[in-house]
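Taking it in order: structure first as structure tokens, then the write-up.
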Amino acid sequence: MDNSARRHTNLTRRELFQHTGMGLGGIALASLLAGDAPAALPGENPLAAKVPHFAPKAKRVIFLHMVGAPSHLDLFDQKPKLQEHDGQPCPDELLEGARFAFLRGHPKLLGTPYKFRQHGESGVELSELLPHLAEVADELAVIKTMQTEQFNHAPAQLFMHTGFGRFGRPTLGSWINYGLGSENQDLPGFVVLITGSVAGAGNSLWGSGFLPTVYQGVEFRSKGDPVLFLSNPQGIGAPDRRRIIDSVNRLNQV
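Per this note's numbering, the very first residue in the sequence shown carries number 1; after that it's consecutive.
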């Protein structure tokens, strides 16, 4: 066997992704076609696809966390009473026992300067700021019944993703990964794409909390290595990495 053949024989999956540039879609398809029963009972693999408790309708979830968006009061949550009392002092009963950030003295109520109207057969109310979204109004499910007492950004972000305003809880994507697994065993079932800076709560927004770390989100980056820890650190070659992995495996078997 020549050196070229030997290199291909010893090629790891990590090196395959890193050097060949083959399409991830093809890898995902090959994994799906190789499985006889994608929704089989879970085996030893913690990410194996699991049978759901009921027939699912959704095949995937794309969660857009858009930090710095306009207020819901200016977009899709019309408050006629608030508009009626715009500019008036806030009633004491609304302030009693509540905590607010950066409010001093007796605040005034603030309505929206934008016009609302109903759209589609569903009659969903959207403001004039969303003319394009209004064109697909009947495809939207607008939820306006949720509330929280969190008044700072980071705790509010944690609350939205985990249901708690404190660190240490699994996020929605981690729970889905834990409960349903993934039909594909070669690619992560929970991935994260970031534009701009990370939100105030940081990577806790895709963490696994008290669940095993295998269920946390995998961050895809736009600069440097697309996925961290696939490339060897400077000065570490394949033989060194092999020895490290073998040592860790021996420790796991103790």
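Positions of the beta carbon are idealized from the N, C-alpha and C atoms, including for glycine.
Return the chain-ordered list of same chain residues with a C-beta closer than 6 Å to the C-beta of residue i, the five sequence neighbours on each side being excluded.
i: Q234; result: none
i: E219; result: V192
i: G237; result: none
From which residue to which residue does the beta strand (DSSP E) around residue i run?
i: V191; result: V191 to L193
i: R117; result: F116 to H119
i: L219; result: The sequence shown places Glu at residue 219, rather than the Leu named in the question. Looking at the DSSP string, the run of the beta strand (DSSP E) that includes E219 is V218 to F220.
For residue i, tell me which candidate among the options has the shortest Cα-Cα distance.
i: P113; options: L73, G168, R60 and A201; result: L73
i: N45; options: I236, Y215 and L230; result: Y215
i: A141; options: L133, T148 and Q147; result: L133
i: F151; options: G165, T195, V248 and L228; result: G165
i: D77; options: K57, V61, K115 and H106; result: K115
i: K144; options: L187, K81, I194 and V124; result: V124
i: P80; options: P52, L103 and R117; result: R117
Which residues bound the alpha helix (DSSP H) around residue i?
i: Q157; result: H153 to T162
i: V124; result: Taken as a continuous stretch (DSSP letters only), V124 belongs to no alpha helix (DSSP H), being part of the beta strand (DSSP E) at V124 to S127.
i: Q83; result: P80 to E84
i: L133; result: P131 to A134
i: V248; result: A238 to N252
i: I92; result: According to the sequence provided, residue 92 is Asp. The question's Ile does not apply to it. Note, D92: alpha helix (DSSP H), D92 to L95.
Near residue i, what residues of its chain come up, given a Cβ to Cβ distance below 7 Å and the 5 sequence neighbours on each side ignored?
i: G120; result: A137 and D138
i: S182; result: L47, A49 and G189
Only counting the same chain, and skipping five residues up and downstream in sequence, which positions put a Cβ closer than 8 Å to that of residue i?
i: Q157; result: H65, V67, A199, G200, A201 and L205
i: Q83; result: G111 and T112
Cβ of residue i within 8 Å of Cβ of residue j?
i: L129; j: P70; result: yes
i: G111; j: D92; result: no
i: S174; j: S208; result: yes
i: L172; j: F63; result: yes
i: G168; j: F210; result: yes
i: V61; j: I194; result: no
For residue i, verify whether its CB is less than 7 Å away from any heavy atom of the ligand HEM.
i: L230; result: Although the ligand HEM was asked about, the structure shown includes no ligands whatsoever.
Tell me, which residues are paired with residue i by DSSP?
i: A48; result: S182
Compare the C-beta of residue i against all C-beta atoms of chain D and say whether one is closer than 8 Å.
i: N203; result: Structure shown: chain D not included; a single protein chain is present.
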